[in-house]
Amino acid sequence: MDIIVCVKHVPETAEAELKIDSSGKTIDKAGLVFDINEWDDYALEEAVRIKERFGGTVTAITIGPQDSESTLRKCLARGADKAIRLTDPKFEGSDAYATAKILHSVIKTLHYDLILLGAQAGDTGNAATGPILAEMLNIPHATMVKKIELGSGIAKVNRELEGGLEEQLEIRLPALFAVSTGINEPRYVSIMGIRKAMQKEIKVLSLADTGLAETDVGIAGSWLNIERLYVPPVEKQAEFLKGTPDEIAAKLVEIIKSKGLI
Amino acid sequence: MAKIFVLAEHRQGQIRDITFELLTKARELAEKTNAELCAVILGKNVQEHAKALAEYAKTVITVEDPKLENFNSEAYKRILSKLIVEHKPSLVILGHTSYGVELAPRLAAALNTPLATDIIDIAFEGDTLAVTRQMYGGKVNVKAVLRKADTYMVTVRQATFTPKKPEPPANGQIITVPSPLTEEISEKRFLQYVLPPPGGVDITAAEKLVGIGRGIKDQANMPLMEDLAKTLGAVLACSRPIVDKGWLPNDRQVGSSGKTVKPKLYLALGISGAFQHVLGMKSSDLIIAVNKDPKAPIFSFADYGVVEDLFKIVPSLKNKINEAKAQKT
């Protein structure tokens, strides 16, 4: 089973204060901690588990500058065999469509039975790259995948629907699955794994290596062009309670009591 | 006349709410741009649904086929590709639902139709399409324009637009188009629906919920949370990361992929407020949120907010609740 995992190196923003940079088109990334996209982390773990069970190889691919190698090193440390980094200043500003084209240009030259990636990225949240890539590769796909059972030439997958419901599909391989969080429990990286990963080679490819034109990638090759970022307007603002923890707790109890809930 | 397509969504014989949300917004866009609003529904035995859609849309295109009994994005892609090429709508609107996410990007790629996903607002500016969407878990809004094209496609976030039935009803014309599917879709087959195993607790029936999220940090803190919930006489619910980590079972999850709740009190502890979670709890009577991050989106939905480390608040809160209960007796 040869598996390709597409991963993205993204800033952790859940608890960080975000500032919009002077261009108005992106956030100020200074001081933010970058790591593998949370959803991709589950995709990577799933790929390594499948390899451990059925044999084969795992190849991790990312698009990004030099610092995104730390995410590829993490993939290698966790059990990926090979890593490819696609990098070029011309890739800047690529949306899901242009990103899929860049990934496609390389993946079409590789052997694979399965392509795994996260159902979405924590930064852009498009949830679109996977199915676009599958269409370009002309292979079936499933998104929001919560469970994968592999058979001979086919996979049974559970997809998340709304309200706790799932649907089970049968999909012919090779196929692309965009996985949801919670499909597995990503493992910690061993010291041995990190040491081994440092010795593995990361293949670096630029626009010229992809066979794509400048107009295929970046903003020119995208469907979506960001005009500006802004802080969401406040529709309803909570009434903020201030004071010491004890004072706040007392106020909260008063509020809850006033509704007859204590 | 230009057309706007809205794809109707239905599952297990029920038309889904998102369909009417989309139709309501699409109707407004159609009026502004002098376009014809056209609802499209694919399935098996969908004539009753078509009648409901006809109250909103000028035309309703139905494609009936036993092979469409259950949603299959590949079947939908083939049929919609054909309809879009024939009718050349200026805009195709789908829900940013599990179905829209599965179908729209692939359909857009097949037709090379510029797509924006998970949008929260949309407007034609001349012949270009401008959209608003969010990034970084709802902390930043983005205004973007789509590359100029004859047809644009968007997926719309659920519960963004409030459905409103047109008065008088549009009384649209229902057009039945023969299915172009000649064979089963062999590479992708629907097998069955799967319900999660029933749990012991029904969070939708609880009067008070303590919702916990990523901010509780460690499984070792779970007893503290359970303790608070017990003291308050509430049931412990959670956002997705807690279920992903296996700290609470699936049936405690509030949100689009979990349960929708409407308790009298929702106390959100360490929950940032990603829209998927908010969808499931925003109709609660009283929402109190405790989060260290003053910019957390949850504060736009809460009635009362506390910007503080929840571990400083929870022990005090537990004591004060006990005191209040003691006074009462």
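So the sequences go chain by chain: A and B.
Just add 667 to the spot in the first sequence (first one is 1) and you have my numbering.
Just add 32 to the spot in the second sequence (first one is 1) and you have my numbering.
Glycine is no exception: its CB is placed at the ideal position from the N, C-alpha and C atoms.
Every value quoted in this text rests on a predicted model; they were computed, and no experiment measured them.
To which residues of the same chain is residue i closer than 8 Å at the C-beta, ignoring the five residues directly before and after it?
i	result
B:P210	V95
B:M257	V242, I244, I248, L268, L301, V346
A:I687	T693, I694, D695, L896, Y897, V898
A:A801	I782, P807, H808, A842, L843
A:K863	L743, A744
B:L342	G247, I248, L301, G302, V322, N323, K324
Using a C-beta to C-beta distance shorter than 8 Å, which residues of chain B count as neighbours of residue i?
i	result
A:G789	Y168, G169
A:P899	Q166, G170, K171, V172, N173, P329, S332
A:T848	R272, P273, D276
A:G924	Looking at the sequence provided, one finds Lys at residue 924 of chain A rather than Gly. Simply A356.
Assuming residue i contacts residue j under a Cβ cut-off of 8 Å, what Cβ separation, rounded to an integer in Å, is found between them?
i	j	result
A:A842	A:L781	6 Å
B:Q285	B:C270	6 Å
A:G792	B:M167	6 Å
A:A750	A:A727	5 Å
B:E53	B:T192	7 Å
B:L264	B:I154	In fact, because the Cβ distance is near 42 Å, the residues do not count as touching under 8 Å.
A:G789	A:A845	At roughly 14 Å, the Cβ-Cβ gap does not stay under 8 Å, so A:G789 and A:A845 are not in contact.
B:L85	B:A40	6 Å
B:L55	B:Y88	4 Å
A:R745	A:L711	6 Å
Grab me the residues of residue i's own chain with a C-beta within less than 7 Å of its C-beta, minus the 5 sequence neighbours each way, in chain order.
i	result
B:N104	I217, K220, F222
A:K644	Because residue 644 of chain A is not part of the residues shown, which for chain A are 668 to 929, the question remains open.
A:K757	L874, E881, V884, G885
A:E827	M811, K813, E833, S847
B:P28	Within the shown structure, residues of chain B are numbered from 33 to 361, placing residue 28 of chain B beyond reach of any answer.
B:F333	G305, V310, K314, I319
B:K171	K327, P329
B:T91	E68, C70, G204, Q205, I207
B:A107	K99, L100, L213, I217
A:S617	Since the displayed chain A opens at 668 and closes at 929, residue 617 of chain A lies outside it and no answer follows.
B:I152	T164, R165, Q166, R189, T192
Could you pull out every residue in the same chain whose Cβ sits closer than 6 Å to the Cβ of residue i, ignoring the five residues on either side in sequence?
i	result
B:F37	C70, V72, P121, V124
B:P146	L178, R179, A181, Y184
A:T724	D669, D748
B:G232	none
A:S735	H676, T729
A:G785	N704, W706, D707, A710
Name the chain B residues whose beta carbon is nearer than 9 Å to that of residue i?
i	result
A:A907	Per the sequence shown, the amino acid found at residue 907 of chain A is Phe instead of Ala. Those are P326, F331, Y336, G337, V338, V339, listed as they occur along chain B.
A:D913	S348, N351, K352
A:R854	None at all; the shortest Cβ gap to chain B is about 14 Å.
A:V884	Residues of chain B passing the Cβ test: none, with the nearest at roughly 13 Å.
Report the neighbours of residue i on chain B: residues whose CB is nearer than 7 Å to its CB, in chain order.
i	result
A:A747	The contacting residues do not exist; A:A747 stays about 22 Å from chain B at best.
A:A681	G169, R246, S304
A:I929	I353, A356, K357
A:K675	Simply none; closest approach about 13 Å.
A:E902	S332
Starting from residue i, find everything on chain A with Cβ-Cβ shorter than 7 Å and list it in chain order.
i	result
B:T149	N793, A794, A795
B:V293	Those do not exist, as B:V293 stays about 12 Å from chain A at its closest Cβ, beyond 7 Å.
B:I47	Here the premise fails: no neighbours, minimum Cβ distance about 14 Å.
B:N253	Chain A residues near B:N253: none, gap ~16 Å exceeds 7 Å.
B:S113	Those do not exist, as B:S113 stays about 11 Å from chain A at its closest Cβ, beyond 7 Å.
B:N282	G831
B:K296	K926, L928
In chain A, which residues lie less than 9 Å from residue i when you measure between Cβ atoms?
i	result
B:P18	With chain B covering 33 to 361 only, the question about residue 18 of chain B has no answer from this structure.
B:I116	Result: empty, since nearest Cβ-Cβ is about 15 Å, beyond 9 Å.
Can you tell me whether residue i sits near the ligand ATP, meaning its C-beta is under 7 Å from at least one heavy atom of the ligand?
i	result
A:E705	The ligand ATP is not among the ligands present in this structure, which contains no ligands whatsoever.
Under 8 Å between beta-carbons, which chain A residues line up against residue i? List them in chain order, please.
i	result
B:G290	G830, G831
B:E106	P807
B:S218	R839
B:K344	P912
- Query: Any residues in the stretch 122 to 137 of chain B with a beta carbon nearer than 7 Å to a beta carbon of chain A? Which ones, in chain order?
  - Reply: Hits within the stretch, in order: T129, S130, V133, E134, P137.
- Taking Cβ-Cβ distances below 9 Å as the criterion, which residues of the stretch 822 to 844 of chain A are in contact with chain B? Residues are counted here when their Cβ sits less than 9 Å from a Cβ of chain B; for the stretch 822 to 844 of chain A these are K823, N825, R826, E827, L828, E829, G830, G831, L832, E833, E834, Q835, L836, E837, I838, R839, A842, given in chain order.
- At 4 residues or longer, and completely inside the stretch 39 to 100 of chain B: list those alpha helix (DSSP H) runs for me, N to C. If we require 4 residues or more, the alpha helix (DSSP H) runs fully inside the stretch 39 to 100 of chain B come out as 49 to 65, 79 to 86.
- Query: Mind listing which residues of the stretch 694 to 724 of chain A have their C-beta closer than 7 Å to chain B's C-betas, in chain order?
  - Reply: Only those residues of the stretch 694 to 724 of chain A whose C-beta falls short of 7 Å from the nearest C-beta of chain B are listed: I694.
- In the stretch 807 to 821 of chain A, which residues sit with their C-beta less than 8 Å from some C-beta in chain B, listed in chain order? Cβ contacts with chain B come from P807, H808, A809, T810, M811.
- What residues in the stretch 220 to 239 of chain B bring their beta carbon closer than 8 Å to a beta carbon of chain A? Within the stretch 220 to 239 of chain B, the residues whose Cβ lies closer than 8 Å to some Cβ of chain A are K220, R221, F222, L223, Q224, Y225, V226, L227, P228, E239, listed in chain order.
- Whole beta strand (DSSP E) runs in the stretch 789 to 819 of chain A with 3 or more residues, listed along the chain? Given a length threshold of 3 residues, each whole run of the beta strand (DSSP E) inside the stretch 789 to 819 of chain A is given here in chain order: 808 to 817.
- With 9 Å as the limit, tell me which residues of the stretch 85 to 100 of chain B have their beta carbon closer than that to any beta carbon of chain A; keep them in chain order. When CB distances to chain A are screened at a threshold of 9 Å, not a single residue of the stretch 85 to 100 of chain B falls below it.
- Message: Please give the ranges of any alpha helix (DSSP H) in the stretch 867 to 896 of chain A, keeping only runs that are unbroken, at least 4 residues long and fully inside the region.
- Response: You should have 874 to 877.
- Item | In chain order, each alpha helix (DSSP H) run of at least 4 residues that lies wholly inside the stretch 269 to 349 of chain B | Taking only runs of at least 4 residues, the alpha helix (DSSP H) segments lying wholly in the stretch 269 to 349 of chain B are 272 to 276, 307 to 313.
- Would you mind listing the beta strand (DSSP E) stretches within the stretch 98 to 155 of chain B that are 3+ residues and don't spill past its ends, in chain order? The qualifying runs are 123 to 127.
- Could you tell me which uninterrupted alpha helix (DSSP H) segments, each at least 4 residues in length, are contained entirely in the stretch 751 to 790 of chain A, listed from first to last along the chain? Within the stretch 751 to 790 of chain A, the complete alpha helix (DSSP H) runs of at least 4 residues are 763 to 774.
- Message: What ranges does the beta strand (DSSP E) occupy inside the stretch 167 to 211 of chain B, keeping only unbroken runs of at least 3 residues that lie completely in it?
- Response: Listed in chain order, the beta strand (DSSP E) elements of length 3 or more contained wholly in the stretch 167 to 211 of chain B are 172 to 178, 184 to 188, 205 to 210.
- Message: Please list, in chain order, the residues of the stretch 733 to 759 of chain A that have any C-beta partner in chain B closer than 7 Å.
- Response: Contact annotation: in the stretch 733 to 759 of chain A, no residue has its CB less than 7 Å from a CB in chain B.
- Counting only runs that start and end within the stretch 830 to 869 of chain A, where is the beta strand (DSSP E) found for 3 or more residues in a row? For the stretch 830 to 869 of chain A, the continuous beta strand (DSSP E) assignments of 3+ residues that do not extend past its boundaries occur at 833 to 839, 842 to 846, in sequence order.
- alpha helix (DSSP H) runs wholly inside the stretch 690 to 737 of chain A, at least 4 long, in chain order: If we require 4 residues or more, the alpha helix (DSSP H) runs fully inside the stretch 690 to 737 of chain A come out as 705 to 721.
- Message: Closer than 7 Å between beta carbons: that is the criterion. Which residues of the stretch 177 to 190 of chain B meet it against chain A?
- Response: Listed in sequence order: V177, L178, R179.
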